[in-house]
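The listed protein sequences derive, respectively, from chains X and P.
Take the first sequence: its letter number 206 is residue 281 in our numbering, and every next letter is one higher.
Take the second sequence: its letter number 22 is residue 1276 in our numbering, and every next letter is one higher.
Down below is the structure, laid out as structure tokens.
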Amino acid sequence: MPKHSDEALVAYLDGELDGAERHHVEAWLEADPAVRDRLAALAQSADLVRSAYADIVNEPVPPRLIAAASGAGRAAQAAPQEAEILVLKRQSRTAAALPYRRWQVGLAAAAGLFGVVFGGAGTYFGMGLFNPASPAAETRLAAVAANNSWLDNAAGYYKLTVNAGDNMLIDVPATSDTSEALQKISQSLPQQVRLPDLKPWGLSFRGARLVVVDGRPAAQLVYITDNKAIGPLTLVIGASKQPDIPRTFERRQDVNLLYWRHQGRAYALAGQTDIGWLWGIANDVAWQLDAI
Amino acid sequence: MSFRWKHAEAPARPIDHSGERADPASARFSEQLIAMLPKLRRFARGLAGNAAGADDLVQSACERALARAHQFEEGTRFDSWMFRIVQTIWIDQLRAREVRKEDGDVAEERLGTDEPVRRIEARLALSEIRLAVENLPPDQRATLMLVTVEGLSYKEAAVVAGVPVGTIMSRLARARVALQQQLDAGGGVRRSAKNAEA
Chain X
76 MPKHSDEALV AYLDGELDGA ERHHVEAWLE ADPAVRDRLA ALAQSADLVR
126 SAYADIVNEP VPPRLIAAAS GAGRAAQAAP QEAEILVLKR QSRTAAALPY
176 RRWQVGLAAA AGLFGVVFGG AGTYFGMGLF NPASPAAETR LAAVAANNSW
226 LDNAAGYYKL TVNAGDNMLI DVPATSDTSE ALQKISQSLP QQVRLPDLKP
276 WGLSFRGARL VVVDGRPAAQ LVYITDNKAI GPLTLVIGAS KQPDIPRTFE
326 RRQDVNLLYW RHQGRAYALA GQTDIGWLWG IANDVAWQLD AI
Chain P
1255 MSFRWKHAEA PARPIDHSGE RADPASARFS EQLIAMLPKL RRFARGLAGN
1305 AAGADDLVQS ACERALARAH QFEEGTRFDS WMFRIVQTIW IDQLRAREVR
1355 KEDGDVAEER LGTDEPVRRI EARLALSEIR LAVENLPPDQ RATLMLVTVE
1405 GLSYKEAAVV AGVPVGTIMS RLARARVALQ QQLDAGGGVR RSAKNAEA
């Protein structure tokens, strides 16, 4: 590398020069004001580039990527028996339908997969590309598929948030006035979000994120605590057209989930805590939000 | 009727309703991958130049990473390994696109299908900077993203790109100088960016 070159200036800015090389560049800068201007311009352009890409890491990650990172596609490939069940092309109503029992087995087996295989299936159902044994079965299966996808996404966002540690992605950070934070996040959602107070459980509200769950916007509320036996926890609140269901336990890899639906809203409390704690906190949340 | 459950009434132990546990190593691998997604999307955005193409790239990279998880060496940098996979897939895509052009396809940029979009974007200072990055040759663009945006050292970037450190140094210098010239020629970009920040 020539001592007096753009390469030397850029490497100097990036802190990549050793002692002797650094001294050469500093002497050059000292001697020539034009070089100092050039260095300043190069530094400024680097700052601009960083700024131009800074916000991308704060964007909600599409569910399909969380599913891909969770191995949903591979799991589906590794289980051809389950995959066979999903007939992803239009069939005539007169075509012989697969026995409903086989569908049930396939769904139960695939329900353990941490992915959106069935999320996609839900879409196919909705588009009429699939024709199971009966309309009632179709409705039931579509509901199961949509639910699985929803929970996969909720678990995926939990992992994303927790793994980020101190660099946790928060769209609306908690302030002393939490109502302001919730108002901001609610602006992007079809309904107003309310904040459960979980301080009695030692959980502090860290902030909220706007996420996309199963293709629809939802709020992810993040709670943290020093007690590693309990937290962190996230609560995803989204809209749902499915009928109400009571609190139900599900597990995705090492994430425990308690989810329920109430009056057009779907809730999923996610964490790695003991199911006992999770159950108690979920009940508290439901009671506070009048969601039971 | 609303009521609170007492904690003592709840089950005391976690219950695995799936009936099976995921392989812990595989679960850890997926966790790392999910945590990397925001940075992978950013890196891919710099390479692909648009959100949809970038996400396709990241999705392919995730699938390839999971298929080759056994090739990842514990103790080495996971982010560098993933950046390398993204970059490799992107280069493959560029090559495939070149082949299609030779086969007679008209390149999208020549058709100018997204020109109106580009013009709108160019009104925004930060988008204009992204366009300037997009105009860089692929190897310079990738190096700029790895070092200047993702903060890798020259040595780490050299491992990702599979080239000597000296090559990274020269690619980066050419990229930064070309970028600065583009921004200067663009007129007012830096002023606009300052205003945007203000």
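Using N, Cα and C, we set each Cβ at its ideal position, and we do this for glycine too.
No experiment lies behind these values; they were computed from the predicted model shown.
Cβ pair residue i, residue j closer than 7 Å
i	j	result
alanine 341 of chain X	glycine 313 of chain X	yes
alanine 1315 of chain P	asparagine 238 of chain X	no
leucine 235 of chain X	leucine 332 of chain X	no
valine 268 of chain X	alanine 294 of chain X	yes
alanine 1298 of chain P	valine 1340 of chain P	yes
isoleucine 370 of chain X	glycine 231 of chain X	Residue 370 of chain X lies beyond the residue range present for chain X, which begins at 76 and ends at 367; the question has no answer from this structure.
tyrosine 298 of chain X	leucine 278 of chain X	yes
serine 72 of chain X	leucine 1433 of chain P	Nothing can be reported for residue 72 of chain X, as the shown portion of chain X is limited to 76 through 367.
alanine 1281 of chain P	glutamine 347 of chain X	no
arginine 1338 of chain P	valine 1414 of chain P	yes
alanine 1396 of chain P	glutamate 82 of chain X	no
leucine 1311 of chain P	alanine 1302 of chain P	yes
valine 85 of chain X	arginine 1430 of chain P	yes
tyrosine 1408 of chain P	glutamate 101 of chain X	no
alanine 249 of chain X	valine 311 of chain X	no
arginine 111 of chain X	leucine 104 of chain X	yes
methionine 1399 of chain P	glycine 1300 of chain P	yes
Distance between residue j and residue i (C-alpha atoms, nearest Å)
i	j	result
phenylalanine 280 of chain X	isoleucine 245 of chain X	11 Å
alanine 1361 of chain P	leucine 1348 of chain P	Note that alanine 1361 of chain P scores 38 on pLDDT, short of 50, meaning its location in the model is unreliable; the coordinates nonetheless yield the value given after this. Near 12 Å, if we compare the C-alpha coordinates of leucine 1348 of chain P and alanine 1361 of chain P.
tryptophan 362 of chain X	proline 1292 of chain P	35 Å
leucine 308 of chain X	leucine 264 of chain X	21 Å
leucine 123 of chain X	alanine 116 of chain X	11 Å
isoleucine 356 of chain X	leucine 1390 of chain P	52 Å
isoleucine 1383 of chain P	aspartate 130 of chain X	14 Å
leucine 1380 of chain P	alanine 1386 of chain P	10 Å
isoleucine 260 of chain X	alanine 1321 of chain P	37 Å
aspartate 272 of chain X	leucine 296 of chain X	11 Å
aspartate 89 of chain X	glutamine 258 of chain X	42 Å
serine 224 of chain X	arginine 336 of chain X	15 Å
aspartate 1346 of chain P	threonine 300 of chain X	45 Å
alanine 93 of chain X	histidine 99 of chain X	The displayed chain sequence assigns aspartate, not alanine, to residue 93 of chain X. Approximately 10 Å, taken between the alpha carbons.
alanine 256 of chain X	glutamine 262 of chain X	10 Å
aspartate 349 of chain X	phenylalanine 324 of chain X	12 Å
arginine 1275 of chain P	proline 1392 of chain P	Bear in mind that a pLDDT of 41 at arginine 1275 of chain P, under 50, signals an unreliable position, so the model cannot answer this.
glutamine 338 of chain X	proline 318 of chain X	8 Å
alanine 343 of chain X	tyrosine 87 of chain X	50 Å
isoleucine 1343 of chain P	glutamine 1313 of chain P	11 Å
leucine 353 of chain X	serine 126 of chain X	40 Å
aspartate 1438 of chain P	alanine 345 of chain X	49 Å
valine 192 of chain X	proline 137 of chain X	Low local confidence applies: a pLDDT of 31 at valine 192 of chain X is under 50, so the model's placement there is unreliable, with the coordinate-based value given in what follows. Looking at the two C-alpha atoms, the distance is approximately 15 Å.
leucine 1287 of chain P	arginine 1331 of chain P	12 Å
Secondary structure of residue i, DSSP reduced to three states
i	result
glutamate 1388 of chain P	helix
alanine 295 of chain X	In the sequence under discussion, the amino acid at residue 295 of chain X is glutamine, which differs from the alanine named in the question. Correct three-state label for glutamine 295 of chain X: strand.
asparagine 331 of chain X	strand
valine 287 of chain X	strand
glycine 306 of chain X	coil
valine 1417 of chain P	coil
valine 1403 of chain P	helix
phenylalanine 1326 of chain P	coil
arginine 322 of chain X	strand
valine 311 of chain X	strand
leucine 364 of chain X	coil
proline 1292 of chain P	helix
arginine 1338 of chain P	helix
proline 137 of chain X	coil
proline 248 of chain X	strand
Nearest-angstrom Cβ-Cβ length linking residue i and residue j, presumed shorter than 8 Å
i	j	result
valine 1403 of chain P	tyrosine 128 of chain X	5 Å
valine 132 of chain X	arginine 1351 of chain P	Not a contact, Cβ separation roughly 27 Å.
serine 1284 of chain P	glycine 146 of chain X	6 Å
alanine 1319 of chain P	methionine 1336 of chain P	6 Å
glutamate 1317 of chain P	alanine 143 of chain X	6 Å
glutamate 1388 of chain P	serine 1334 of chain P	Incorrect: roughly 23 Å between the Cβ atoms, too far for contact.
If you measure beta-carbon to beta-carbon, which residues of the stretch 225–251 of chain X are closer than 8 Å to chain P?
Answer in chain order: Gly231, Lys234, Leu235, Asn238, Ala239, Leu244.
Using a Cβ-Cβ cut-off of less than 7 Å, list which residues of the stretch 1282–1310 of chain P approach chain X; keep chain order.
So the close ones are Ser1284, Glu1285, Leu1287, Ile1288, Ala1289, Leu1291, Pro1292, Lys1293, Arg1295, Arg1296, Arg1299, Gly1300, Asp1309.
Using a Cβ-Cβ cut-off of less than 8 Å, list which residues of the stretch 123–145 of chain X approach chain P; keep chain order.
Look at the stretch 123–145 of chain X: the residues with a C-beta under 8 Å from a C-beta of chain P are Leu123, Val124, Arg125, Ser126, Ala127, Tyr128, Ile131, Val132, Asn133, Glu134, Val136, Pro137, Arg139, Leu140, Ile141, Ala143, Ala144, Ser145.
Determine which residues of the stretch 1407–1424 of chain P have a Cβ less than 8 Å from any Cβ of chain X, and write them out in chain order.
Listed by position along the chain: Ser1407, Tyr1408, Gly1420, Met1423, Ser1424.
Which of the residues in the stretch 1329–1350 of chain P, read from start to end, lie with their CB under 8 Å from any CB of chain X?
Taking 8 Å as the Cβ-Cβ cut-off, the stretch 1329–1350 of chain P has no residue approaching chain X.
Looking at chain X, which residues of the stretch 1378–1401 of chain P have a Cβ within less than 9 Å of any of its Cβ atoms?
For the stretch 1378–1401 of chain P, which is checked against every Cβ of chain X, the residues closer than 9 Å are Ala1379, Leu1380, Ser1381, Glu1382, Ile1383, Arg1384, Ala1386, Val1387, Leu1398, Met1399, Val1401.
Using a Cβ-Cβ cut-off of less than 8 Å, give me the residues of the stretch 92–118 of chain X that come near chain P, in sequence order.
Taking 8 Å as the upper bound on Cβ-Cβ separation, chain P lies near residues Ala116, Leu117 of the stretch 92–118 of chain X.
Check distances from the C-beta atoms of the stretch 317–328 of chain X to those of chain P and list, in chain order, the residues that come in under 7 Å.
Identification of residues in the stretch 317–328 of chain X having a C-beta nearer than 7 Å to some C-beta of chain P yields Phe324, Glu325, Arg326, Gln328, given in sequence order.
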